[in-house]
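Peer 1: According to our numbering, the residues represented by the sequence shown are -16 to 474, in order.
Backbone N, C-alpha and C fix where the C-beta goes; we use that ideal spot for every residue, glycine too.
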Amino acid sequence: MAKEITPRVNDYSQWYNDLVIKTGLADYSSVRGCMVIKPYGYAIWENMRDALDKAFKETGHVNAYFPLFIPKSFLSKEAAHVEGFAKECAVVTHYRLKNDPNGKGVIVDPEAKLEEELIVRPTSETIIWNSYKNWIQSYRDLPLLINQWANVVRWEMRTRLFLRTAEFLWQEGHTAHATPAEAIEETEKMLGVYTQFAEEFMALPVIQGKKTANERFAGAVETYCIEAMMQDGLALQAGTSHFLGQNFAKAFDVQFLTREGKQEHVWATSWGVSTRLIGALIMAHSDDDGLVLPPKLAPLQVVIVPITKGADDMAKIYEKFEPVMKALKAKGITFKFDDDDTKRPGFKFAEYEMKGVPVRLAMGMRDYDGGTVEVARRDTKEKSVQQFEGIVEYIENLLVDIQANIFNKAKAFRDANITEVNTWDEFKNQIENGVGFISAHWDGTPETEEKIKELTKATIRCIPLNNPQQDGVCVFSGQPSKERVIFAKAY
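#1: Which of the three DSSP states, helix, strand or coil, is assigned to TRP153?
#2: Are there 16 or more other CB atoms within 10 angstroms of the CB of VAL356, so buried, or fewer, so exposed?
#3: Measuring CA to CA, which of THR158, ILE374, PHE420 and PHE231 is closest to GLY43?
#4: Measuring alpha carbon to alpha carbon, tell me which of TRP138, GLU243, PRO282 and PHE184 ends up nearest ASN388.
#5: Is the stretch 126 to 140 touching the stretch 102 to 111, taking contact as three or more C-beta pairs under 8 Å?
#6: CB ILE401 to CB ALA441, shorter than 7 Å?
#7: So what does DSSP say about ILE265, is it helix, strand or coil?
#8: Over the uninterrupted beta strand (DSSP E) stretch that includes GLU247, give me the two end residues.
#9: Quick one: residues in its chain with C-beta nearer than 8 Å to the C-beta of LEU264, no 5 flanking neighbours on either side, listed in chain order?
#10: Please state whether the Cβ-Cβ distance between LEU35 and PHE151 is less than 7 Å.
#11: Starting from PHE52, follow its DSSP beta bridges and name the residues at the other end.
#12: How far does the beta strand (DSSP E) with ARG343 in it extend, from its first residue to its last?
#13: Tell me which same chain residues have a C-beta within less than 6 Å of the C-beta of GLY262, skipping the five on either side of it?
#14: Out of VAL368, THR406, TYR335 and MET140, state which residue places its alpha-carbon closest to the alpha-carbon of ARG349.
#15: Considering only the beta carbon of each residue, do ALA166 and TRP250 sit closer than 7 Å?
#16: Which whole runs of the alpha helix (DSSP H) in the stretch 323 to 375 are 4 residues long or more, in chain order?
#17: Determine the contact status of LYS319 and LEU283, defining contact as a CB-CB distance below 7 Å.
#18: Taking the Cβ atom as the reference point for each residue, do LEU2 and TYR23 lie within a distance shorter than 7 Å?
#19: For SER59 versus PHE239, is the C-beta distance shorter than 7 Å?
#20: Classify HIS160: buried if its beta carbon has 16 or more other beta carbons within 10 angstroms, exposed otherwise.
#21: Can you list, in chain order, the residues of its chain with a C-beta nearer than 7 Å to that of VAL418? Leave out the 5 residues immediately preceding and following it.
#22: Is it true that the CB of TRP425 sits closer than 7 Å to the CB of VAL468?
#23: Count the C-beta pairs between the stretch 112 to 120 and the stretch 74 to 84 that are closer than 8 Å, then say yes if the count reaches three, no if not.
#24: If contact is defined by three or more beta carbon pairs under 8 Å, each pair taking one atom from either stretch, is the stretch 168 to 176 in contact with the stretch 241 to 257?
#25: Report, in whole angstroms, the separation of the C-beta atoms of HIS64 and GLY202, which I expect to be a contact under 8 Å.
#26: Nearest to VAL285 by alpha carbon, out of ALA164, ARG360 and HIS248?
#27: Please state if the CB of GLN452 and the CB of LYS436 are separated by a distance shorter than 7 Å.
#28: Check this for me: beta carbons of PHE536 and ASN130, under 7 Å apart or not?
#29: How would you label MET213, buried or exposed, when you count the other beta carbons within 10 angstroms and need 16 or more for buried?
#30: Quick one, which of HIS248, ASN412 and LYS331 has its alpha-carbon nearest VAL288's?
#31: Using the C-alpha atoms, what's the distance from MET308 back to ILE53?
#32: Helix or strand or just coil, what does DSSP make of GLY417?
#33: At what residues does the alpha helix (DSSP H) containing TYR207 begin and finish?
#34: Checking 7 Å against the spacing of the C-beta atoms, do VAL89 and LEU80 come in under that value?
#35: Are GLY228 and VAL204 close, meaning C-beta to C-beta below 7 Å?
#36: Where does LYS194 fall in DSSP's three states?
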């Protein structure tokens, strides 16, 4: 099976596409730019969703759902917002079809034109803040902490499964607060939730930072982000959290009565992650033999492959594993006993390796008689023979070790590929010949940022949080700089 996957060193982009298709994560659809998320890929998204949803609720948020369609006039109310999304919007202009009088199927009924066009949501700030106007009257209604799990549409010209598609799944949090300090605290808190999820569940080390003015979310006062490094050295934005100030509150006139009896506009945040995290998971950890999945997100954590010559042997091995499977279930560890006798064990081994199942157990009759079981771990491909007694505890500890090892490997790679440069020649050389992130001084101007992007295709991924003040000179302009920022080419 691994021969069906293009090696990373030959064509990283094709390697990624091969993995997505051949491991059954997703497929292309007949709708341009849209994908079908297949059951195995959706199971990963469900695990991500469940972990994040639990974290959101633990921090006081509740879920709601808002319309898919947004009146065009709503987007016009916040100038920066509409400018940021105008080129990506899908627009509904009619509400009815009719039979073609020429007998060629159906056509749009020209008499069914909408009085006002509807936008298929690219993001929900406008439709949500229109509702918040009716929900918020006084300080007693604040903070309002709401999250939505939904799909969005952004009309992409160049698409790539999971990473950039016209329609994708995500969550978007939208909160309202009485003071700017509370809103900023919320923005930073949710960035922390994303960071913890990325590192503890995805085993993905990230850099927390702020976006430059050029890279901020349309309509935000400040955008916070987490940036991750893929195995080809490119950056991938893994989550964003935005301090929106009072921009949307003023656009939709959302005011509240303060404790002092004054009318003020509320302060807002929004934050979100999407199914592009599945793309990040693939590119950060997988290899030329298939997926490498962190146990906390793997749809299947343990597979048991019996090696038998008949039904009697299969029954004996199944019976031996029954108490093990019962114990695994009690511990919340997902497993499968593969008793499919139409496939050879070697085929099964390759299949589960490709799908990234963290732990594989194999038992033949010799193992059965000797009270042992072969254990293979996906992350290192190491195999060992373990005593069957105590195997549940061994598996439990092994899953913890695999999770940690995958993170540590990704972190070591990331850290080894962050390069400090101090001159423009060094910068250009690193971009042309190196991989990874560049730590360099920048003079803080959008003009310099744009020029560097134009010349090298590298963007400022973030201004790291808690960045040490370090006087220097901008690598491009030679003007004074107070701190280093992270540059990289990105997805």
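Peer 2: Answer, in terms of the structure:
#1: Here TRP153 carries a strand assignment [DSSP, helix/strand/coil].
#2: buried
#3: THR158
#4: PHE184
#5: Contact check between the stretch 126 to 140 and the stretch 102 to 111: three or more CB pairs, one atom from each, fall below 8 Å, which counts as touching.
#6: no
#7: helix
#8: 246 to 248
#9: ILE27, MET185, LEU187, LEU276, PRO277 and LEU280
#10: Cβ atoms of LEU35 and PHE151: not closer than 7 Å.
#11: VAL103
#12: 342 to 347
#13: PHE145 and LEU146
#14: VAL368
#15: yes
#16: 328 to 337 and 348 to 353
#17: yes
#18: no
#19: no
#20: buried
#21: ASP215, GLY216 and ASN400
#22: Judged by their CB atoms, VAL468 and TRP425 are nearer to each other than the 7 Å cut-off.
#23: no
#24: These segments touch.
#25: 4 Å
#26: ARG360
#27: GLN452 sits away from LYS436, with the two beta carbons spaced by 7 Å or more.
#28: Since the first residue of the chain shown is -16 and the last is 474, residue 536 is not available in this structure.
#29: buried
#30: LYS331
#31: 49 Å
#32: coil
#33: Taken as a continuous stretch (DSSP letters only), TYR207 belongs to no alpha helix (DSSP H), being part of the beta strand (DSSP E) at 205 to 212.
#34: yes
#35: yes
#36: coil
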